[in-house]
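A.B. asks: Residue numbers (full-length UniProt numbering): 1 to 336.
Think of the CB as a built atom: it goes at the ideal place given N, C-alpha and C, for glycine as much as any other residue.
Below is a structure I'd like to ask you about.
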Amino acid sequence: MSSLAHTSIPLIDFSSFIDCDNQRWVECLSSAQVQTAQDIVQAFQTHGFVYLRNFPMPPGMVPQAFQWSEKFFNLPLHIKRQALHPADASSHRGYSPVGAEKIPQSESSIDPQKGLPPPDFKETFEIGKSDKLPKNIWLSEVIENSCGLKGFKEFFEEFFLACSKLQTQILRAISIGLLGIENATYLEKSHQEFNNQIRLAHYPAIKNKDINERCGAHTDFGTITILFQDNVGGLEVENPLQAGHFVSVEPIEGTVVVNIADLLMRWSNDSLKSTLHRVKPPGSIHGVIPSRYSIPFFCGPDPLTVIDSLPGCPSPSKYSPVIANDYILSRIKASY
């Protein structure tokens, strides 16, 4: 494990898990995999975030994802609204224009009397697994073809599967590092339905004087988040040693950022940290902050999973058991 001078977020080589994709992988665990798993868990216990390099994804797929994302967000607003996200968040799918989402800082910050924080200055498009409910909300085939987006849907269906495979490898590493080799498949067994979500996010260019934050400080809802970011920057994470102070998570070519989300922190009885993070505007060019694109992949357990303390985690339990889907839906509905 190595750390970088410009950030406290650890950088870990994940190459030992690239070929960890056969049915007998537990029997073939190497000392390198165990060490990598322990390093990852240590990073999640102290920072809640980690950079991974040499991770298993098809060559060229991540740059393609950003190309498709930019094509979509460059469409006229009236076209994007043809795939509009439901206003009541009954289905967390489809397109949300700038200002639609207002993310509470954390579960404890949801206060109906105080209302939600100011809306984030971003637009998004949410995608789930193609054969699962709620159904994805796509532009029609006619519109896709007429707007130069032919293949958009098919690409992101493949991207979803590739990210889900990466999720499985990361969950294996967390299980090994946190629960031991004998529990190497513990978290994987609760993530068989791929209750996950791709988010295409675009932060439009804006004059420097018109904005202080692109996305306010918050934590994520599910198990883990896998984040692909462009080279513009702006992501910041709360310093684990100094509450209220944030450190930059600079884009590093060839890496992916992974963070613990609230449900896994709860599941681990706070052994793993779900850390506050935000998106601040980077430096401006002639008074204009450039556009930023990111693609988080939010991972959640199977909907009916009971979230209680994991075996071997600190006791007594700090939280009451909760059904995964009930928890996540309550957090999503509080954001719209």
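Hey, which unbroken runs of the beta strand (DSSP E) at 3 residues or more fall wholly within the segment 166 to 252?
C.D. replies: Runs found: 197 to 203, 215 to 218, 224 to 229, 235 to 238 and 246 to 248.
A.B. asks: Could you tell me whether the Cβ atoms of F121 and Y203 are closer together than 8 Å?
C.D. replies: Yes.
A.B. asks: Is the separation between the beta-carbon of E236 and that of F221 shorter than 8 Å?
C.D. replies: In this structure, F221 does not lie closer than 8 Å to E236 by Cβ.
A.B. asks: What's the gap between the Cα of F298 and the Cα of A261?
C.D. replies: In a straight line, the C-alpha of F298 is about 9 Å away from that of A261.
A.B. asks: If you draw a straight line from the alpha carbon of I16 to that of F159, how long is it in whole angstroms?
C.D. replies: According to the sequence displayed, residue 16 carries Ser and not Ile. Near 22 Å, if we compare the C-alpha coordinates of F159 and S16.
A.B. asks: Run through the DSSP bridge pairs and tell me what residue 342 is partnered with.
C.D. replies: Here the chain has residues from 1 to 336 only, and residue 342 is not among them.
A.B. asks: Tell me the DSSP secondary structure of Y327 in three-state form.
C.D. replies: Three-state result, Y327: helix.
A.B. asks: Compute the Euclidean distance between the alpha carbons of N183 and I307, then round it to the nearest angstrom.
C.D. replies: Computed Cα separation, rounded: 16 Å.
A.B. asks: Go through its chain and collect everything with a Cβ distance to residue 338's Cβ below 7 Å, but skip five positions before and after it.
C.D. replies: Residue 338 lies beyond the range of the chain shown here (1 to 336); nothing can be said about it.
A.B. asks: The beta strand (DSSP E) that contains D13, what's its start and end?
C.D. replies: Its beta strand (DSSP E) spans residues T7 to D13.
A.B. asks: Y327: buried (16+ other C-beta within 10 angstroms of its C-beta) or exposed?
C.D. replies: So Y327 counts as buried.
A.B. asks: Indicate whether W267 and L310 have their beta-carbon atoms separated by less than 8 Å.
C.D. replies: Going by C-beta atoms, W267 is nearer than 8 Å to L310.
A.B. asks: Taking Cβ to Cβ, would you say I9 is nearer than 8 Å to V50?
C.D. replies: It is a contact, given that the beta carbons lie within the stated cut-off.
A.B. asks: Can you give me the C-alpha to C-alpha distance between E250 and V232, rounded to a whole angstrom?
C.D. replies: The alpha-carbon atoms of E250 and V232 are separated by roughly 9 Å.
A.B. asks: Could you tell me if N259 is buried or exposed, where buried requires 16 or more neighbouring beta carbons within 10 angstroms of its beta carbon?
C.D. replies: N259 should be labelled buried.
A.B. asks: Straight-line CA distance for D13 to E188?
C.D. replies: C-alpha separation (whole angstroms): 21 Å.
A.B. asks: If you draw a straight line from the alpha carbon of F228 to that of S320, how long is it in whole angstroms?
C.D. replies: For F228 and S320, the distance between alpha carbons rounds to 33 Å.
A.B. asks: Residues bridged to G128 by DSSP?
C.D. replies: In DSSP, G128 forms no bridge with anything.
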